[in-house]
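Visitor: Questions regarding the structure given below will be posed in turn.
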Amino acid sequence: MVDFWRFAMPDLRMNNTRGLFAEFLVHQAVGSREPRVEWASHDVETDDGLRIEVKAGAYLQAWEQRTPSQVRFSGLRACTWSSEGGYSDAKSYNADVYVFAVQTAREHADYNPLDTAQWKFYVLSRPAVAALDADSVSLSTVRAAAGPPMSFAALNDCIRSADPRPGTNGG
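Going by the working numbering, the final residue of the sequence shown carries number 238, and the count climbs one at a time with no gaps.
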């Protein structure tokens with residue numbers, strides 16, 4: 068397995084692997100035992116059925132940069148897919164809670180994706196994301212809607228507080 072990881076995902080600064088790693092961090096934070104499902108309408112599911120969408124961004128990329136990247140999050144609305152009907156006709160917000168994960172290193176020499184202190188998390192409920200009425204948002208928009216970032220240690224409690232489902236902390 069380690070050889071496959073070295074081959075397929077050697078650099079967590081790549082957009083696809085950074086996204087998967089951010090999903091893993093959220094999965095760990097909420098203590099989920101549910102496996103990742105590639106074609107699911109959300110990224111992480113808790114053992115009690117809370118559906119979480121994870122959006123990841125970073126200032127540093129794997130390629131040469133003159134300046135750090137502007138952090139944006141896309142794909143907030145998406146078509147769902149099922150084996151019976153294929154893709155849905157309309158895009159929708161498909162998770163209960165959205166986690167916006169930002170890897171905060173700004174110098175390649177300092178970059179350590181395994182250091183959870185280098186990650187900041189912003190959490191919004193589906194109604195809060197829907198109120199933004201956008202497919203893509205900037206980090207500043209997320210900050211304005213979510214408030215201060217959460218640490219990895221506080222992430223589970225923040226996600227639970229944002230749960231909009233009836234009968235839950237946030238619902």
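Using N, Cα and C, we set each Cβ at its ideal position, and we do this for glycine too.
Quick check on the DSSP output: what are the complete alpha helix (DSSP H) runs of length 4 or more inside the region 147-233, in order along the chain?
Guide: You should have 193-199, 206-213 and 219-229.
Visitor: Near Asn236, which residues of its chain fall below 7 Å by C-beta distance, leaving aside the five closest residues on each side in sequence?
Guide: Excluding sequence neighbours, Asn236 sits near Arg227, Ser228 and Asp230.
Visitor: Could you have a look at Arg80 and say whether DSSP puts it in helix, strand or coil?
Guide: Arg80: coil per DSSP, three-state reduction.
Visitor: Pairs of beta-carbons, one from the region 137-151 and one from the region 84-98, closer than 8 Å: are there three or more?
Guide: Too few Cβ pairs lie closer than 8 Å, so no.
Visitor: Near Lys158, what residues of its chain come up, given a Cβ to Cβ distance below 8 Å and the 5 sequence neighbours on each side ignored?
Guide: Cβ within range, chain order: Arg144, Ala145, Cys146 and Asp202.
Visitor: Under the three-state reduction of DSSP, which class applies to Ala123: helix, strand or coil?
Guide: Strand, per DSSP.
Visitor: Count the other CB atoms within 10 Å of the CB of Pro216; is the residue buried (16 or more) or exposed (fewer)?
Guide: By the neighbour-count rule (16 or more Cβ atoms within 10 Å), Pro216 is buried.
Visitor: With DSSP collapsed to three states, give me the class of Ala75.
Guide: Residue state, collapsed to three classes: helix.
Visitor: So does Tyr126 have its beta carbon nearer than 7 Å to some heavy atom of the ligand NAP?
Guide: The ligand NAP is absent from the structure shown, which contains no ligand whatsoever.
Visitor: On a Cα-Cα basis, can you pick out the residue from Thr84, Ala96, Phe71 and Pro233 that is closest to Ser192?
Guide: Taking only the C-alpha atoms, the option nearest Ser192 is Pro233.
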